[in-house]
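Report on the structure given below.
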Amino acid sequence: MNWVWFHRFGSPPYFYRFAGRWAPWFLGIAVALLLVGLYGGLAVAPVDYYQSDAFRIIYVHVPAAYLSLMTYTWMAIAAAVGLIWRIKIAHAVAAACAPAGASFTAVSLATGMIWGMPTWGTWWAWDPRLISQLFVLFFFLGYIALRGAIEDRDRADRASAVLAIVGVINVPIVHYSVEWWNSLHQAPTLLRSDGPTMPMSMAWPLLVMIGAYTFYFLAIMLMRARAEVVRRERGGAWLREILAAPEASP
Amino acid sequence: MNAARATALQAAVAVFRRDLLLAFRRPGEWLQALAFFVLVTVLFPLALEPEPSVLRLVAPAALWVTLLLASLLALDFLFREDARDGTLEQFVLSGQPFTALLLAKVATHWLITGLPVVLVGPLAAMSLGAPSASTPGLMLALLLGSVSLSLIGSIGAGLTLGVRRGGALLSLLVLPLVMPVLVFGARASAQAMAGEEATGALYLLAAMGVLALTLAPLAAAAAVRISME
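Quick note, the sequences are listed as chains A and B, same order.
This note's numbering applies: residue 1 is where the first sequence begins, and numbers increase by one.
This note's numbering applies: residue 251 is where the second sequence begins, and numbers increase by one.
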């Protein structure tokens with residue numbers, strides 16, 4: 001198999017141009033999908049029999065929760081790639097994932113609490129799914145704090161990579177918490193091996209919203225990683241060349 | 251191959267003996283963690299109403315939260331002194347498997363900070379109203395839990411080695427990782443105190459201990475190596 005496409009990402013100038021070219025497109029796609037998904041979720045989808053209109057927060061809550069775990073997995077994979085093959089861009093990508101992941105996790109917790117009040121009658125319950133998601137948030141914060149605490153960049157990269165890999169143990173725990181333990185949180189209704197248990201009229205806006213969040217994440221991640229590359233390579237000749245010729249920069 | 255393995259074991263034993271000797275020459279360090287554990291468990295009856303039924307209810311939680319905090323406190327000096335005087339660098343240069351040497355260090359650290367708590371823990375629980383019949387169950391739970399705490403904590407201690415004033419950061423990194431130990435440790439202790447069968451929670455604690463024993467030294471060795479560069 002030809003791995004040239006992969007190795008090219010290890011080159012800072014190539015990554016800088018790639019991220020600059022694609023991030024606005026991803027952001028555009030995210031906004032378009034967001035508008036479609038929100039319209040579909042808030043106006044088109046039928047009212048739920050049990051929860052009436054309160055269920056519509058699902059269109060913000062589920063994609064955020066889904067993306068928080070996905071971001072974590074991405075971060076760990078990027079960290080492992082950076083640690084094993086010593087690719088600096090991979091460390092920049094992992095570092096760029098953390099703030100996005102922390103905010104996705106915070107949004108999923110906040111919307112879950114807002115949803116919990118009308119349906120469960122409480123803002124918070126000490127329930128496996130909720131606790132494990134809270135610990136995912138602490139993990140992201142710990143990762144960011146560790147990066148911030150170590151001054152030497154190379155050491156910060158590799159130490160935080162070890163932490164990210166160790167923390168992967170949390171991902172299956174969160175994902176399966178509703179199936180392993182008796183949880184107040186409902187079991188998955190969308191991403192199941194035997195197909196969604198919710199009607200398609202409710203499910204399609206949710207799928208569109210997950211797509212919107214994913215593209216938003218990609219755009220934000222590329223922008224942050226690009227800024228990180230600039231910070232690391234600020235002395236580099238290639239960067240000065242690009243900045244000196246404004247028409248060449250995207 | 252066989253000869254190399256024998257020397258690795260000998261090296262680990264040498265590290266183990268050296269650390270034990272140092273600990274006995276400097277008892278102040280490790281006694282602090284034990285004193286902290288005893289003192290904090292005694293604070294609970296003072297803060298709560300000293301009603302036996304109330305105390306018995308909070309005893310497992312008090313015991314395990316205090317154990318967690320005491321182990322965090324003790325982690326601070328797990329690698330610090332050896333990193334400062336260059337011993338850890340000599341470990342790396344010695345050509346011996348670094349993971350084995352670190353495992354020996356963690357074993358000594360558990361022996362001088364974890365084991366005293368395991369022995370004193372049931373006594374502290376009794377002061378909170380635990381029946382004396384629960385002592386074997388409590389000891390087993392504390393034994394299994396404190397092994398996991400030392401091993402998992404060594405990863406955090408390694409990661410924060412190069413950080414100045416890393417105490418708060420250490421707790422932010424380690425506490426989310428040891429959350430399951432707290433959950434099942436407290437559950438096993440509560441079941442032991444109620445005179446129930448605690449085998450389920452104890453098995454899970456043992457499983458976590460085995461998982462930590464196999465994986466944590468590798469991660470800790472990687473973390474310490476990175477911190478020393």
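Every residue gets a Cβ at the ideal spot worked out from N, C-alpha and C, and that includes glycine.
Model, not experiment: these values are computed from the prediction.
Pull the bridge partners of A/Asp157 from the DSSP assignment, please.
Against the first sequence, residue 157 of chain A aligns to sequence position 157. Looking at the DSSP assignment, A/Asp157 forms no beta bridge with any residue, so it has no partner.
Starting from B/Ser477, find everything on chain A with Cβ-Cβ shorter than 8 Å and list it in chain order.
The count along the second sequence starts at 1 and reaches residue 477 of chain B at position 227. Under the 8 Å cutoff, chain A gives Arg155 and Ala159.
Count the other CB atoms within 10 Å of the CB of A/His7; is the residue buried (16 or more) or exposed (fewer)?
As a working note, residue 7 of chain A is residue 7 in the first sequence. When all chains shown are included, A/His7 counts as exposed.
Establish whether the CB of A/Val166 and some CB of chain B are separated by less than 8 Å.
Here residue 166 of chain A is taken as the residue at index 166 of the first sequence, counted from 1. Judged by the 8 Å Cβ criterion, A/Val166 is in contact with chain B.
Counting contacts by CB-CB distance shorter than 8 Å, is B/Ala333 in contact with chain A?
Numbered from 1 along the second sequence, position 83 holds the residue referred to as residue 333 of chain B. So, not an interface residue.
Could you tell me the alpha carbon to alpha carbon distance between B/Ala440 and B/Gly395, rounded to whole angstroms?
As a working note, residue 440 of chain B is residue 190 in the second sequence. As a working note, residue 395 of chain B is residue 145 in the second sequence. Going from the Cα of B/Ala440 to the Cα of B/Gly395 covers about 14 Å.
Report yes or no: is there a C-beta of chain B within less than 8 Å of the C-beta of A/Leu69?
For this step, residue 69 of chain A is matched to residue 69 along the first sequence. No, A/Leu69 does not count as interfacial toward chain B.
Of the choices A/Ile150, A/His61 and A/Ala161, whose alpha-carbon is the least far from that of A/Ala98?
On the first sequence, position 98 is the one that residue 98 of chain A refers to. Comparing Cα positions, the closest option is A/Ala161.
Cβ atoms of B/Leu468 and B/Thr349: under 8 Å apart, would you say?
Taking the first residue of the second sequence as position 1, residue 349 of chain B is located at position 99. Taking the first residue of the second sequence as position 1, residue 468 of chain B is located at position 218. Cβ distance < 8 Å, so B/Thr349 and B/Leu468 count as in contact.
Hey, is the region 110–124 of chain A in contact with the region 413–423 of chain B, meaning 3+ C-beta pairs nearer than 8 Å?
no
Taking 8 Å as the cut-off, does the region 439–453 of chain B touch the region 397–408 of chain B (at least 3 CB pairs, one atom from each stretch)?
no
What are the residues of the region 203–235 of chain A that lie near chain B, defined by any Cβ-Cβ distance shorter than 7 Å?
none
Under 8 Å, with one C-beta from each stretch per pair, do the region 421–430 of chain B and the region 316–327 of chain B reach the 3-pair mark?
yes
Taking C-alpha atoms, which residue in A/Gly142, A/Val93 and A/Ile57 lies nearest to A/Leu218?
Stepping through the first sequence from its first residue, residue 218 of chain A is reached at position 218. Taking only the C-alpha atoms, the option nearest A/Leu218 is A/Val93.
State yes or no: is the beta carbon of B/Ala473 nearer than 8 Å to at least one beta carbon in chain A?
In the second sequence, the residue the question calls residue 473 of chain B occupies position 223. It does; some Cβ of chain A falls within 8 Å.
So is A/Ala244 buried or exposed if we call it buried at 16+ other beta carbons inside 10 Å?
For the purposes of this step, residue 244 of chain A is identified with residue 244 of the first sequence, where counting begins at 1. With fewer than 16 other beta carbons inside 10 angstroms of its own, A/Ala244 counts as exposed.
Taking 8 Å as the threshold (beta carbon to beta carbon), is A/Phe135 in contact with chain B?
As a working note, residue 135 of chain A is residue 135 in the first sequence. Yes, because at least one Cβ of chain B sits closer than 8 Å to the Cβ of A/Phe135.
What would DSSP say about A/Ser11, mapped onto helix, strand or coil?
Start at 1 with the first residue of the first sequence, and residue 11 of chain A comes out as number 11. In the three-state reduction of the DSSP assignment, A/Ser11 falls in the coil class, being assigned neither a helical nor a strand state.
With a threshold of 8 Å between beta carbons, is B/Leu432 in contact with chain A?
One-based indexing of the second sequence puts residue 432 of chain B at position 182. The Cβ of B/Leu432 sits no closer than 8 Å to any Cβ of chain A.
Rounded to the nearest angstrom, what separates A/Pro250 and A/Gly236 at their Cα positions?
Translated into the one-based positions of the first sequence, residue 250 of chain A becomes position 250. Translated into the one-based positions of the first sequence, residue 236 of chain A becomes position 236. For A/Pro250, the pLDDT reaches just 48, beneath the cut-off of 50, and the residue's location in the model is therefore unreliable, leaving the point undetermined.
What does the alpha-carbon distance come out to for the pair A/Leu38 and A/Met202?
Numbered from 1 along the first sequence, position 38 holds the residue referred to as residue 38 of chain A. Numbered from 1 along the first sequence, position 202 holds the residue referred to as residue 202 of chain A. Going by C-alpha positions, A/Leu38 is about 12 Å away from A/Met202.
Closest to B/Gly403 by C-alpha separation, out of A/Ile57, A/Ile150 and A/Leu163, would be which residue?
Here residue 403 of chain B corresponds to residue number 153 of the second sequence, with the count starting at 1. Comparing Cα positions, the closest option is A/Leu163.
Mind checking which residues open and close the alpha helix (DSSP H) that includes A/Ile220?
Within the first sequence, numbered from 1, the residue matching residue 220 of chain A stands at position 220. Met200 to Arg232 is the span of the alpha helix (DSSP H), which, as asked, contains A/Ile220.
Roughly how many angstroms lie between the CA atoms of A/Trp5 and B/Val367, to the nearest whole one?
Your numbering for residue 5 of chain A matches position 5 in the first sequence. Your numbering for residue 367 of chain B matches position 117 in the second sequence. Taking the straight line from one Cα to the other gives about 55 Å.
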